[in-house]
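Protein chains in written order, with our numbering: chain H, 14 to 215; chain S, 14 to 215. Each residue gets a CB set at the ideal place from its N, CA and C atoms; glycine is no exception. To start, the structure itself, in structure tokens.
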DNA sequence: GTCTATATTTCGATAGAC
DNA sequence: GTCTATCGAAATATAGAC
């Protein structure tokens, strides 16, 4: 994503620390992660961590920023398919990504710290939900241009489509609740796609 | 909602403590809230808090549970309206509720602690998103019965509708990001309703 | 840069008087 | 039940040797 933050030279040890910190932060959250714990995980002394990162806050920020910068774009679409199969593919990819344990952990921890670190919340939004929405809007814009969809503005349609994907299944999974039988990813994608096609298909 | 937990007798002091704790937990989160801080806010000594609540964890749980139990149901609908205006009303109510500062704070703090306190996550889901979805499903079921909507199962439709309401606007507000111009609550509700009617209207 | 050892603070929880 | 005073643990951050 954006290269707006000065990237410190990546040394081997620095990356080791960041890896250990990421594991800890995503697993147990910001507050429950101790610098001692990170040091132990990285097999490094605590003083070494402070040689690389000014404070726990900034270590946390570095972890989140690194992950945001890395977040891969969707692979380009094998184009020229109809609306239904295109949306099915895109929706499936997005929901798969959203439900990955790491993605959920990231969501939880950023949400938790968003009030304390507003800059991080913005970076997360832009590289995560924001970027995803932009890409889906682009796909939908093309579908509209090809006459496969009509009657909506691309960004609006993307918003609605993403919303229909991030439903109960997402909420329950994020909260760590058991999944009701039969509410599979496939079914959720299918319902969202079908609704889009019924509402805006030609 | 469910009366499954034994409710301790509400004394005046107990409520004072719970109020102070709620303010603190919702404002700065679980970890950043200190028992000293709660005591000061409640103008009570820390020992008094521990006379009423065994630990910080249980105090937190009591705060969340009390709020869950209180969460009001939607008022019954002034019935016999068509699908569009019914959904508009329900959608507006839900989105207003979702975007209230207290609701968002509750969401943030429960999400943050869900891994550490799974029981709370379940209680929150059931009295919040779960209950809301059930009520909206009931409304939709009636619309289907009256022939205003067709082609979906009520629970599925409720899931899709709620999803379309909880979109970018919700995400950005929850993360504390500034709102882009013109993306109002009304516009969000309108888009979701219009999509429902186009997809499933008679 | 990296380590060991430690300073300092903060916080959850309790003892004991009333 | 409520208070004052305090304990003990844990955690952030640093000093100083190598």
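Cutoff 8 Å: residue i Cβ touching any chain H Cβ
{"i": "residue 17 (chain S)", "result": "Bear in mind that the predicted position of residue 17 (chain S) carries a pLDDT of just 49, short of 50, making it unreliable; the figure below should be weighed with that in mind. Not one chain H Cβ lies under 8 Å of residue 17 (chain S)."}
{"i": "residue 185 (chain S)", "result": "yes"}
{"i": "residue 180 (chain S)", "result": "yes"}
{"i": "residue 104 (chain S)", "result": "no"}
{"i": "residue 176 (chain S)", "result": "yes"}
{"i": "residue 211 (chain S)", "result": "yes"}
{"i": "residue 9 (chain S)", "result": "Residue 9 (chain S) lies beyond the stretch modelled for chain S, which goes from 14 to 215, so this question has no answer here."}
{"i": "residue 154 (chain S)", "result": "no"}
{"i": "residue 74 (chain S)", "result": "no"}
{"i": "residue 34 (chain S)", "result": "no"}
Within-8 Å CB hit, residue i to chain S
{"i": "residue 78 (chain H)", "result": "no"}
{"i": "residue 42 (chain H)", "result": "yes"}
{"i": "residue 195 (chain H)", "result": "no"}
{"i": "residue 208 (chain H)", "result": "yes"}
{"i": "residue 96 (chain H)", "result": "no"}
{"i": "residue 205 (chain H)", "result": "yes"}
{"i": "residue 31 (chain H)", "result": "no"}
Which residues DSSP lists as bridging residue i, in chain order
{"i": "residue 216 (chain S)", "result": "Because chain S here runs from 14 to 215, residue 216 (chain S) falls outside it and cannot be looked at."}
{"i": "residue 214 (chain S)", "result": "S:162"}
Enclosing alpha helix (DSSP H) for residue i [first to last residue]
{"i": "residue 90 (chain S)", "result": "No alpha helix (DSSP H) contains residue 90 (chain S), which DSSP labels as neither H nor E."}
{"i": "residue 113 (chain S)", "result": "It is not in any alpha helix (DSSP H) - residue 113 (chain S) carries neither H nor E in the DSSP assignment."}
{"i": "residue 55 (chain S)", "result": "48-55"}
{"i": "residue 183 (chain S)", "result": "181-187"}
{"i": "residue 63 (chain S)", "result": "59-65"}
{"i": "residue 31 (chain H)", "result": "25-41"}
{"i": "residue 135 (chain S)", "result": "131-138"}
Any non-hydrogen atom of the ligand ATP closer than 7 Å to residue i Cβ
{"i": "residue 52 (chain S)", "result": "Among the components modelled here there is no ligand, and therefore nothing to report on the ligand ATP."}
Original post:
Using Cβ-Cβ distances below 7 Å, what residues of the stretch 159-172 of chain S are close to chain H?
Top reply: 169 and 172
**OP:** Could you run through the stretch 128-149 of chain S and flag, in chain order, every residue whose CB is less than 8 Å away from some CB of chain H?
**Re:** 128, 129, 131, 134, 135, 137, 138, 142 and 146
Original post:
In the stretch 144-168 of chain H, which residue ranges form an unbroken alpha helix (DSSP H) of at least 4 residues, counting only runs that do not cross its ends?
Top reply: Runs of the alpha helix (DSSP H) inside the stretch 144-168 of chain H: 144-158.
**OP:** Please name the residues in the stretch 107-130 of chain H whose beta-carbon is closer than 9 Å to at least one beta-carbon of chain S, in chain order.
**Re:** 118, 120, 121, 122, 123, 124, 125, 126, 127, 128 and 129
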